[in-house]
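Trainee: Each number in my numbering corresponds to the 1-based position in the sequence shown with 1 added.
Pasting a structure below so you can have a look.
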Amino acid sequence: MPKAVISLSTGLEDPEKVTVAYLVAVGAAETGRDTLMFLTKEAVRLAITGTAVAVACHGCPPLADLLRRYEAAGGRYFVCPICFEAKQLDSEALIGGAELQGTIPMWQWIGDEPATTFSY
2 MPKAVISLST GLEDPEKVTV AYLVAVGAAE TGRDTLMFLT KEAVRLAITG TAVAVACHGC
62 PPLADLLRRY EAAGGRYFVC PICFEAKQLD SEALIGGAEL QGTIPMWQWI GDEPATTFSY
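Here you go:
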């Protein structure tokens, strides 16, 4: 089964977009795909414990629930280290499954296998 990579550059300034990205990632991970979220720009803040707590809209699942489901399904995060350090965030506060990794490690993770990609 092809791997899934979800690239997210938006943070809580657009919680609906973040919710959609997480719904796609959770769906991929819960159906057994190796799944990676690549967080850049404002999205790197979502990798900090206690940040992703919004509810985007009436009827939308809380982000905190989506994060728990994603982690429980084995989903991983590569957090852009350049973006993270530019915002002077604390790497000790990263959520489960998150690590500071850039584009080369992302391509190495994908490898030679096919991958389905989404970008938000």
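For glycine and all other residues, C-beta sits at the position ideal for the given N, C-alpha and C.
As the structure is a prediction and not an experimental result, all values here were calculated from the model.
How do the segment 57-70 and the segment 35-43 stand: do at least 3 beta-carbon pairs fall below 8 Å, yes or no?
Mentor: Taking 8 Å as the limit for Cβ pairs, the verdict is that the segment 35-43 does not touch the segment 57-70.
Trainee: Would you kindly work out how many angstroms separate the C-alpha atoms of residue 1 and residue 76, rounded to a whole number?
Mentor: Past the edges of the chain, shown from 2 to 121, lies residue 1, and the structure says nothing about it.
Trainee: On the CB-based measure, 16 or more other CB atoms within 10 Å of its CB, does residue 81 come out buried or exposed?
Mentor: Sequence index remark: in the sequence shown, residue 81 carries index 80 (1-based). Buried: at least 16 other Cβ atoms inside 10 Å.
Trainee: Between the Cα of residue 104 and the Cα atoms of 16, 95, 84, which residue gives the shortest distance?
Mentor: For the purposes of this step, residue 104 is identified with residue 103 of the sequence shown, where counting begins at 1. Of the candidates 16, 95, 84, the one whose C-alpha sits nearest the C-alpha of residue 104 is 84.
Trainee: Heavy atom of the ligand GDP less than 7 Å from the Cβ of residue 72, yes or no?
Mentor: For the structure depicted, the ligand GDP is absent and the ligand set is empty, with no information on it obtainable.
Trainee: If we ignore side chains and look at the alpha-carbon of each, how far apart do residue 94 and residue 49 end up?
Mentor: Stepping through the sequence shown from its first residue, residue 94 is reached at position 93. Stepping through the sequence shown from its first residue, residue 49 is reached at position 48. If I take the Cα positions, the gap works out to 5 Å.
Trainee: Name the one or two DSSP bridge partners that residue 7 has.
Mentor: As a working mapping, residue 7 is identified with position 6 in the sequence shown. Paired residue(s): 38, 119.
Trainee: In the DSSP output, which residue or residues are listed as bridge partners for residue 133?
Mentor: Absent from the model: residue 133. The displayed extent of the chain is 2 to 121, so no value can be given.
Trainee: Could you round the C-beta distance between residue 44 and residue 12 to whole angstroms and report it? I think they count as a contact, below 8 Å.
Mentor: Position 43 of the sequence shown, counted from the first residue, corresponds to residue 44. Position 11 of the sequence shown, counted from the first residue, corresponds to residue 12. Going by Cβ atoms, the distance from residue 44 to residue 12 rounds to 5 Å, so yes, they are a contact pair.
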